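Chemist: Going down the list, the sequences are from chains A and B. Residue numbers for the first sequence follow the numbering used here, so the first one is 166 and each next one is one higher. Residue numbers for the second sequence follow the numbering used here, so the first one is 27 and each next one is one higher. Okay, here's the structure, questions in a sec.
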Amino acid sequence: MITILNWVALLIAVITSIGLLLQRDWRVGLGLLAIQYLSIFWLVQTHWPISMAAGKLVTGWMACAVLGMAQLNNNTSPVAEAAWPQGRLFRIFTAGIISAATFALSLRASSWLGLSLPIAWGSLLLTGMGLLQLGISAQPFRVSLGLLTILAGFEILYAAVESSTLVAALLSAITLGLALAGAYLLNMSQEGKA
Amino acid sequence: MLLRNQKMITLIACIFTLFLTLAAWLLPVDTIMVIGTWSFKLTSSINILGRSLVLGSADQSLLALIYGSAVVWFAAASVTQTVRRLNSLGLAIVALLVAALAVEPFLYAALLVEMAVLLSIPLLAAPGKSPGKGLVRFLIFQTLAMPFILFSGWLLAGIDANPGDLGLVQQAALLIGLGFTFLLAIFPFHSWIPLLAEESSPIIVGFILWMFPTVALFFGLGFLNHYSWLRDASDLNNVLTSVGLLMVVSGGILAAFQQHLGRILGYAVIMETGFSILSINLEKTGGLNTFFMFLVPRTICLVIWALSLEVLKRQTPSLSLSDVKGMVRSSPFATSGVVLANLAIAGMPLLAGFPPHQAIWERLAATSLPSVIWVITGTLGLFFSAVRVMLSVSAFPEGAHWEPQETSAQRVILSIGFLVLLLLGLFPQWMSPLWMKLPAIFSHLGQ
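The following block contains the structure:
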């Protein structure tokens, strides 16, 4: 049963991470990120006590709330990226490549680290999708989503090898800090006008 | 009322930091001190959530160096108008980075460095402007360093248990290498430095570009000190030499072709990191002393350079060479500061940067002559950029009058800086008490 739920969590991670790449509405993006943190919570709790894993969920949702409030205050219209293709087809294609590459990697990683395949693939997939997000956009909101996704992917893998309370606390603080830094960057232009 | 008085805030920050510097230098650790009826003890460690922050007596000189340098930055920043946040956020960043050097196991430092990076964002971001590419890349690249270093920590624990596993050693070395490539802004992940130096306040960028590479280099030395397999790896010399030379050459040559004074500063910092990496590589021939010799002159040069740019930025639309043309007549101290600091970092004789550069040229020449040629190429590039700046600022129209616009405080601080640059060039041995004490931090290096 738990194995099936791990696969369900992985499926949610796949859908939300690809959705984050394709979405153009920030509300949809933050909703997807919030759902993504549910799958992260499930994958992390296989190695950590549920109370510590719940910390990841709460922190992730707080990060979503911070970014959401910043976007509500942000009146500037998003600037189109100059250098990269914007089409959905391109993004789906690259997401497909990342999914395939991370699947191949996760087969080796799961045996090397002694993890189940959904956890290894989930971690590498989120890291890859986050890197892709960073690679195709320089807008603060999308960069924040990308960094949070990369960090989430790393945390799944790291939870399997490290269960220190201090590390968990610092990683949660960094997740919140990234969201706050993103929010600050989003509202920078407003701050000067006020 | 107190919080609105900027001069008072700066004064408090400087006095507090100076007090910390003196405490770090003078007060003994783990010894009971008695003052009248009152006794106290500075313990070397505190525990937080099962992990320790340890600062023993060997670390006192490093603490004094870091906080002493922070005093210099805060004092220099006090004569500019853009640094209201530097005192508070700067102190917090310094504290976090000191904690990063003190945390045990020391691999957790990556987390504390990342927190300092996040705290730097409001410091570097100018209100009222959209975030520039440099700031976003700074956040991305420094954040990407953390996972690599943390994960390498787990692999290193595996190597401790099973030192013969060559595959594990290679994987750990690769992850450490990637982590430090991001952390030290090694090519090709260096692009944020010149961009940030162009976009943000020069004095704040100078502070960040002094603080982060310095702590990252000490963090890297911690790795070498802690892991004998890494220290004794046969390829380590080649890797460090290649990386150091790449940074020196690319930094120097690219600096020569820049049109923006801030970007030249950025490339000079890249070059200086390269020199530090080269000096770490010369550790077996006494090079670690050279690494420590760089610290004080670099701090002084960066402070003068960044302060001068900050002063110039107030008087011109941008810091491009075309906009600062002829400014020697309106800002003689600031323009002299830019040129002098540039020449000092390039290793010009009689200035503070010369003794450590001369030491590294000498030691490098004893091991590899082609490396010296590459280093000279990079140095000439930075020297050429100083000449270009000098020609540009002195190209004033005929009949232009001397109308200095710097404030008296700016002139005094810059003059003191020039004097220190010259004195450290003439009497480098004045810094020897520091060089003698610093190697004690790394008990396994330079032995």
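A virtual CB, placed ideally from N, CA and C, is assigned to each residue, including glycine. The model shown is predicted, which means the values in this text are computed figures rather than measured ones.
Nearest-angstrom Cα distance between B:Ser-104 and B:Thr-36?
Modeler: Going by the C-alpha atoms only, they are around 6 Å apart.
Chemist: Could you please tell me which residues of the segment 325–340 of chain A, in chain order, have their CB closer than 8 Å to any CB of chain B?
Modeler: Result list: Val-326, Glu-327, Ser-329, Thr-330, Leu-331, Val-332, Ala-334, Leu-335, Leu-336, Ala-338 and Ile-339.
Chemist: Which first and last residues belong to the alpha helix (DSSP H) in which B:Val-269 is found?
Modeler: Here the alpha helix (DSSP H) through B:Val-269 covers 262–282.
Chemist: Output the distance between the C-alpha atoms of A:Ala-359 and B:Leu-137, rounded to the nearest integer angstrom.
Modeler: At A:Ala-359, the pLDDT of 47 sits below 50, so the modelled position is not reliable and the matter cannot be decided from this model.
Chemist: Counting only the same chain and skipping the five closest in sequence on each side, list residues whose C-beta sits under 7 Å from that of B:His-216.
Modeler: Cβ within range, chain order: Ile-296.
Chemist: Taking CB distances under 8 Å as the criterion, tell me whether B:Glu-224 reaches chain A.
Modeler: So no, B:Glu-224 is outside the interface.
Chemist: In the segment 202–220 of chain A, which residues sit with their C-beta less than 9 Å from some C-beta in chain B, listed in chain order?
Modeler: Under the 9 Å Cβ criterion, the segment 202–220 of chain A contributes no residue.
Chemist: Select from B:Leu-304, B:Gly-246, B:Met-416 and B:Phe-422 the residue whose C-alpha is nearest the C-alpha of B:Leu-127.
Modeler: The shortest C-alpha separation from B:Leu-127 is found at B:Gly-246.
Chemist: Indicate whether A:Gly-342 and B:Met-141 have their beta-carbon atoms separated by less than 8 Å.
Modeler: Cβ distance < 8 Å, so A:Gly-342 and B:Met-141 count as in contact.
Chemist: Suppose contacts are defined by Cβ-Cβ distances below 8 Å. Is B:Leu-81 in contact with B:Ser-70 by that definition?
Modeler: It is a contact, given that the beta carbons lie within the stated cut-off.
Chemist: Check whether the Cβ atoms of B:Phe-100 and B:Gly-116 sit closer than 8 Å, and answer yes or no.
Modeler: In contact: B:Phe-100 and B:Gly-116 (Cβ atoms closer than 8 Å).
Chemist: Is the Cβ of A:Leu-343 closer than 8 Å to any Cβ of chain B?
Modeler: Judged by the 8 Å Cβ criterion, A:Leu-343 is in contact with chain B.
Chemist: Whole angstroms are fine: how far does the CA of B:Leu-170 sit from the CA of B:Phe-177?
Modeler: If you take the alpha carbons of B:Phe-177 and B:Leu-170, they lie about 12 Å apart.
Chemist: When you compare each of B:Val-398, B:Leu-377 and B:Gly-379 to B:Trp-387 by their alpha carbons, which one comes out closest?
Modeler: For the residues B:Val-398, B:Leu-377 and B:Gly-379, the minimum Cα distance to B:Trp-387 belongs to B:Val-398.
Chemist: Following the continuous beta strand (DSSP E) through B:Asn-31, name the residue where it begins and the one where it ends.
Modeler: Run containing B:Asn-31: none; DSSP gives neither H nor E here.
Chemist: Given a cut-off of 8 Å on the beta-carbon distance, is the pair B:Phe-164 and B:Leu-222 in contact?
Modeler: Yes, Cβ-Cβ distance for B:Phe-164 and B:Leu-222 is below 8 Å.
Chemist: Can you tell which of A:Phe-255, A:Leu-316, A:Leu-280 and A:Met-294 has the C-alpha that lies nearest to the C-alpha of A:Thr-267?
Modeler: Residue A:Met-294 is the option with its Cα nearest to A:Thr-267.
Chemist: Run the CB neighbour count on B:Trp-236, radius 10 Å, all protein chains shown included, and call it buried at 16 or more, exposed below.
Modeler: Buried.
Chemist: For B:Val-337 versus B:Gly-443, is the C-beta spacing smaller than 8 Å?
Modeler: No; because the gap between Cβ atoms is not below 8 Å, this pair is not in contact.
Chemist: Taking only the alpha-carbon atoms, compute the straight-line gap between B:Leu-452 and B:Pro-323 and give it to the nearest angstrom.
Modeler: Distance between the alpha carbons of B:Leu-452 and B:Pro-323: 12 Å.
Chemist: For A:Met-353, go through chain B and note every residue whose CB falls closer than 8 Å to its CB, in chain order.
Modeler: Within 8 Å Cβ-Cβ: Ala-151, Ala-152, Pro-153, Gly-154, Lys-155, Ser-156 and Pro-157.
Chemist: If I measure Cβ to Cβ from B:Asn-263 and keep anything under 8 Å in the same chain, skipping five residues before and after, which residues do I get?
Modeler: Here the set comprises Asn-307.
Chemist: Starting from the beta carbon of A:Leu-312, find every residue of chain B whose beta carbon is closer than 9 Å, and list them in chain order.
Modeler: Within 9 Å Cβ-Cβ: Leu-165, Ile-166, Thr-169 and Leu-170.
Chemist: Nearest chain A C-beta to B:Trp-180 closer than 8 Å, yes or no?
Modeler: Yes - at least one Cβ of chain A is within 8 Å of the one on B:Trp-180.
Chemist: Just the Cα atoms here: how many angstroms apart are B:Ile-185 and B:Leu-287?
Modeler: Computed Cα separation, rounded: 46 Å.
Chemist: When the cut-off is 8 Å and only beta carbons count, does B:Met-141 lie next to chain A?
Modeler: Taking Cβ atoms only, chain A reaches closer than 8 Å to B:Met-141, which makes this a yes.
Chemist: Bridge partners of B:Trp-64, per DSSP?
Modeler: BP columns for B:Trp-64 point to B:Ile-61.
Chemist: Excluding sequence positions up to five away, which residues of its chain have a Cβ less than 7 Å from the Cβ of A:Gly-194?
Modeler: If we look at A:Gly-194 and ignore the five residues flanking it on each side, its Cβ neighbours are Leu-185, Gln-188 and Leu-310.
Chemist: Taking 8 Å as the CB-CB cut-off, is A:Phe-306 touching chain B?
Modeler: So, not an interface residue.
Chemist: Determine which residues share a DSSP beta bridge with B:Glu-130 and list them.
Modeler: Answer is B:Ser-78, bridged to B:Glu-130.
Chemist: Report yes or no: is there a C-beta of chain A within less than 8 Å of the C-beta of B:Phe-444?
Modeler: It does not: the Cβ of B:Phe-444 has no partner Cβ on chain A nearer than 8 Å.
Chemist: Whose Cβ in chain A lies nearer than 8 Å to the Cβ of B:Arg-77?
Modeler: The answer, in chain order, is Ser-329 and Leu-331.
Chemist: Short check: CB of B:Trp-400 to CB of B:Val-195, under 8 Å?
Modeler: No.
Chemist: For chain B, check one thing: does any of its Cβ atoms lie closer than 8 Å to the Cβ of A:Leu-291?
Modeler: Output row for A:Leu-291: interface = no.
Chemist: Output the boundary residues of the alpha helix (DSSP H) element that contains B:Val-162.
Modeler: Its alpha helix (DSSP H) spans residues 159–187.
Chemist: Three Cβ pairs or more, each shorter than 8 Å: is that satisfied between the segment 348–359 of chain B and the segment 432–447 of chain B?
Modeler: Yes, since at least three Cβ pairs between the segment 348–359 of chain B and the segment 432–447 of chain B fall closer than 8 Å, the two stretches touch.
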